[in-house]
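Protein chains in written order, with my numbering: chain A, 1 to 326; chain B, 1001 to 1114.
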């Protein structure tokens, strides 16, 4: 049964000067005690800047301290507070109530994850799949020369993967994935994006190993290109884009393995020819811009395009802004 | 077999089926649609060796594509080691049985055993 409460008489962290309020519906479910989830309803005042997480914490502080919610950084960095907000997977700390444009805000635990309690879900499977794709640089240590302390990369090489290194393991992509809704063994967009992050890294030598890991019956081939993972990612990682890259990589691998079947020459020698100018990683960002006193154009990296998209402006406007700032 | 190989066969059989089924349908237009489906005409088709080869190819392509598609759908529907093995082997057996039965029909009709 729904419980309707008012926050008016309570002392709250959100200033009570606000004339606006919303009805916050929080899903309550304890798998050990309850058979099904129920919604508790609270009237919560909010300001323009109030986030959903702050509203939940207000409820937790003043009405129902038993509401289970996982959070930590409150700045979309730790990836702890992912939940369904009005039916869409979002980070509660990164979603302002004013942005939702609704008088009713419904919060539920993320889909495709086992519920621990209320809004808290278990991340074991996500981490298990993340671990499965070997999320670290694989290379032979014997390649390190005595005076070499770091593996240098060109700005172009960094651009290949840097967008995918932004993943905070919040699980929103897995929650939005329609394949994961039915196929619990599917490796999932998070792990696939992370596999690509290392496959695309010029320092890594584990490409074949990773492609073999994801080339199984619940691997990359079960992706239906719905693209919802990319839509919900708070960091602009865009996992769906790279499914196509995987297919071409696997295709290239097959051509290398069976050149006579595809009528092509093995391309193992091609990689030796590519030797872009390498620089220490700390000069990567400035190096990607045109040199000159008054730069008129710059080339945006994939992550900068993602930032522009997140800000709701065109890449051109974002580039102009960067030029003005420089 | 690797999943990438299986899926390449899946896409290849789909493309080839579209081409061959298109030829198969266009063949209906050679003598008028209704006439082309008359009993004698159908038997005549089965006695033409090139046409029989095409029918056999369509049968194999569609059986491989269809049963692999069914396997994929069933794997996405439910998971489990025993279930997945049963689905994979079941699809393989279904595919072989269908190709066998279809080939039997094609060969018997070709040889006039109607």
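In this text, a Cβ means the ideal position worked out from N, Cα and C, and glycines have one as well.
Given the structure is predicted, the values throughout are model-derived calculations rather than measurements.
Open item on the list: Any contact between the segment 1010–1026 of chain B and the segment 1050–1070 of chain B? By contact I mean 3 or more CB pairs, one from each, below 8 angstroms.
Closed with: In short, these stretches touch, since the Cβ pair count reaches three.
Task: Minimum C-alpha distance to residue 151 of chain A - residue among A:66, A:32, A:205, A:67 - done: Counted from its first residue, the first chain places residue 151 of chain A at position 151. Residue 151 of chain A has its Cα closest to that of A:205, out of A:66, A:32, A:205, A:67.
TODO: Could you check which residue in B:1009, B:1052, B:1038 has the C-alpha nearest to that of residue 1109 of chain B?
DONE: To locate residue 1109 of chain B, count along the second chain from 1; it is residue 109. For residue 1109 of chain B, the nearest C-alpha among the options comes from B:1052.
Open item on the list: With a threshold of 8 angstroms between beta carbons, is residue 1075 of chain B in contact with chain A?
Closed with: In the second chain, residue 1075 of chain B corresponds to position 75, counting from 1. Taking a beta-carbon distance threshold of 8 angstroms, residue 1075 of chain B counts as an interface residue toward chain A.
Task: Spatial distance of residue 1075 of chain B from residue 322 of chain A (CA atoms) - done: Start at 1 with the first residue of the second chain, and residue 1075 of chain B comes out as number 75. Start at 1 with the first residue of the first chain, and residue 322 of chain A comes out as number 322. Cα to Cα, residue 1075 of chain B sits roughly 48 angstroms from residue 322 of chain A.
Open item on the list: Here's a check: name, in chain order, each residue in its chain whose Cβ is nearer than 7 angstroms to the Cβ of residue 285 of chain A, leaving out the five neighbours to either side.
Closed with: Within the first chain, numbered from 1, the residue matching residue 285 of chain A stands at position 285. Because the pLDDT at residue 285 of chain A is just 34, under 50, the model does not fix this residue reliably, and the value given afterwards should be weighed accordingly. No residues qualify anywhere along the chain.
Open item on the list: So for residue 163 of chain A, helix, strand or coil by DSSP?
Closed with: Your numbering for residue 163 of chain A matches position 163 in the first chain. Shown here, residue 163 of chain A sits in a helix according to DSSP, grouped into three states.
Open item on the list: For a contact defined as C-beta to C-beta under 9 angstroms, what are the partners of residue 1091 of chain B on chain A?
Closed with: Position 91 of the second chain, counted from the start, is the residue given in the question as residue 1091 of chain B. Using a Cβ-Cβ cut-off of 9 angstroms, residue 1091 of chain B is close to nothing in chain A; its nearest Cβ partner there is about 12 angstroms away.
Open item on the list: According to DSSP, is residue 1069 of chain B part of a helix, a strand, or is it coil?
Closed with: Within the second chain, numbered from 1, the residue matching residue 1069 of chain B stands at position 69. Judged by DSSP in its simplified three-state form, residue 1069 of chain B adopts helix.
Open item on the list: From the DSSP secondary-structure annotation, give me the bridge partner or partners of residue 150 of chain A.
Closed with: As a first step, residue 150 of chain A must be located in the first chain, where it is residue number 150. DSSP output for residue 150 of chain A lists no bridge partner at all.
TODO: Would you identify the three-state DSSP class for residue 1056 of chain B, choosing helix, strand or coil?
DONE: Here residue 1056 of chain B corresponds to residue number 56 of the second chain, with the count starting at 1. Reduced to three states, the DSSP call for residue 1056 of chain B is helix.
- [ ] Specify the secondary structure class of residue 96 of chain A as computed by DSSP and reduced to three states.
- [x] Locating residue 96 of chain A in the first chain gives position 96, counting from the first residue. The answer is strand: DSSP assigns residue 96 of chain A an E or B state.
Open item on the list: Quick check on the burial criterion: 16 or more other C-beta atoms within 10 angstroms. Buried or exposed for residue 153 of chain A?
Closed with: The residue you call residue 153 of chain A lines up with position 153 of the first chain. Flag for residue 153 of chain A reads buried.
TODO: Please decide whether residue 273 of chain A counts as near chain B, where near means a Cβ-Cβ distance under 8 angstroms.
DONE: Start at 1 with the first residue of the first chain, and residue 273 of chain A comes out as number 273. Summary for residue 273 of chain A: the model assigns pLDDT 35, below 50, so the residue's position carries little reliability, and this model does not support an answer.
Open item on the list: Between residue 217 of chain A and chain B, is the shortest Cβ-Cβ distance under 8 angstroms, so that the two count as touching?
Closed with: Along the first chain, one-based indexing puts residue 217 of chain A at 217. Chain B contact via Cβ: present.
TODO: Pick helix, strand or coil for residue 39 of chain A, following the three-state DSSP scheme.
DONE: Position 39 of the first chain, counted from the first residue, corresponds to residue 39 of chain A. Correct three-state label for residue 39 of chain A: strand.
- [ ] Count the other C-beta atoms from every protein chain shown that fall within 10 angstroms of the C-beta of residue 311 of chain A, then say buried if there are 16 or more, exposed otherwise.
- [x] Translated into the one-based positions of the first chain, residue 311 of chain A becomes position 311. Exposed is the label assigned to residue 311 of chain A, since fewer than 16 other Cβ atoms lie within 10 Å of its Cβ.
Open item on the list: Restricting to Cα atoms, I'd like to know which of A:67, A:68, A:19, A:28 is closest to residue 47 of chain A.
Closed with: Taking the first chain and counting its residues from 1, the one referred to as residue 47 of chain A is at position 47. Per the Cα distances, A:19.
Task: Cβ-based neighbour list, residue 103 of chain A, same chain, cut-off 7 angstroms, excluding 5 preceding and 5 following - done: Here residue 103 of chain A refers to the residue found at position 103 when the first chain is read from its first residue. Answer for residue 103 of chain A: 22, 23, listed in chain order.
Open item on the list: Could you give the first and the last residue of the continuous alpha helix (DSSP H) run that contains residue 180 of chain A?
Closed with: As a first step, residue 180 of chain A must be located in the first chain, where it is residue number 180. Residues 178–182.
Open item on the list: So for residue 24 of chain A, helix, strand or coil by DSSP?
Closed with: As a working note, residue 24 of chain A is residue 24 in the first chain. Looking at residue 24 of chain A - three-state DSSP - the assignment turns out to be strand.
Open item on the list: Check this for me: beta carbons of residue 93 of chain A and residue 119 of chain A, under 8 angstroms apart or not?
Closed with: The count along the first chain starts at 1 and reaches residue 93 of chain A at position 93. The count along the first chain starts at 1 and reaches residue 119 of chain A at position 119. In this structure, residue 93 of chain A keeps its C-beta atom at 8 angstroms or more from the C-beta atom of residue 119 of chain A.
Open item on the list: I need the straight-line Cα distance from residue 86 of chain A to residue 308 of chain A, nearest angstrom please.
Closed with: Residue mapping note: residue 86 of chain A aligns to position 86 of the first chain, counting from 1. Residue mapping note: residue 308 of chain A aligns to position 308 of the first chain, counting from 1. About 25 angstroms.
Task: Beta-carbon gap between residue 198 of chain A and residue 137 of chain A smaller than 8 angstroms - done: Here residue 198 of chain A is taken as the residue at index 198 of the first chain, counted from 1. Here residue 137 of chain A is taken as the residue at index 137 of the first chain, counted from 1. For residue 198 of chain A and residue 137 of chain A, yes; Cβs fall inside 8 angstroms.
Open item on the list: Determine, for residue 209 of chain A, whether the minimum Cβ-Cβ distance to residues of chain B falls below 8 angstroms.
Closed with: As a first step, residue 209 of chain A is located in the first chain; it is residue number 209 there, counting from the start. Residue contact with chain B for residue 209 of chain A: absent (no Cβ-Cβ distance below 8 angstroms to any residue of chain B).
Task: For residue 91 of chain A, the residue or residues it bridges with in DSSP - done: Against the first chain, residue 91 of chain A aligns to sequence position 91. In the DSSP output, where bridge partners are listed per residue, residue 91 of chain A has A:82.
- [ ] Determine the DSSP secondary structure at residue 51 of chain A, reduced to helix, strand or coil.
- [x] Sequence index remark: in the first chain, residue 51 of chain A carries index 51 (1-based). Reduced to three states, the DSSP call for residue 51 of chain A is strand.
TODO: Please name the residue, chosen from A:80, A:195, A:174, that lies closest to residue 226 of chain A on a Cα-to-Cα basis.
DONE: As a position in the first chain, residue 226 of chain A is number 226, starting the count at 1. Closest option to residue 226 of chain A, Cα to Cα, is A:174.
Task: Span of the alpha helix (DSSP H), counted from its first residue to its last, around residue 116 of chain A - done: On the first chain, residue 116 of chain A is found 116 positions in, with the first residue counted as 1. From DSSP, residue 116 of chain A is part of no alpha helix (DSSP H) but of the beta strand (DSSP E) over 115–117.
Open item on the list: At the 8 angstroms Cβ level, is residue 12 of chain A part of the contact set with chain B, yes or no?
Closed with: Stepping through the first chain from its first residue, residue 12 of chain A is reached at position 12. For residue 12 of chain A, the predicted model reports a pLDDT of 48, less than 50, meaning its position is unreliable; a value from the coordinates is still stated below. Chain B contact via Cβ: absent.
TODO: Let me know the secondary structure DSSP gives residue 31 of chain A once reduced to three states.
DONE: Residue mapping note: residue 31 of chain A aligns to position 31 of the first chain, counting from 1. Residue 31 of chain A sits in coil when the DSSP states are folded into three classes, being neither helix nor strand.
Open item on the list: Once DSSP output is grouped into helix, strand and coil, what is the label at residue 234 of chain A?
Closed with: By 1-based counting over the first chain, the position of residue 234 of chain A is 234. If DSSP states are grouped into helix, strand and coil, residue 234 of chain A belongs with coil.
Open item on the list: At the 8 angstroms Cβ level, is residue 1040 of chain B part of the contact set with chain A, yes or no?
Closed with: As a first step, residue 1040 of chain B is located in the second chain; it is residue number 40 there, counting from the start. Answer no: the Cβ-Cβ gap between residue 1040 of chain B and chain A never drops below 8 angstroms.
Task: Contact list for residue 1007 of chain B against chain A, beta-carbon separation under 7 angstroms - done: For the purposes of this step, residue 1007 of chain B is identified with residue 7 of the second chain, where counting begins at 1. Under the 7 angstroms cutoff, chain A gives 221.
Open item on the list: Give me, in chain order, the residues of the same chain whose beta-carbon lies closer than 6 angstroms to that of residue 219 of chain A; leave out the 5 immediate sequence neighbours on both sides.
Closed with: Residue numbering aside, residue 219 of chain A sits at position 219 when the first chain is read from its first letter. Answer for residue 219 of chain A: 187, listed in chain order.
- [ ] Show which residues of chain A have a CB atom less than 7 angstroms away from the CB atom of residue 1002 of chain B.
- [x] Numbered from its first residue, the second chain carries residue 1002 of chain B at position 2. Neighbours of residue 1002 of chain B on chain A, chain order: 215.
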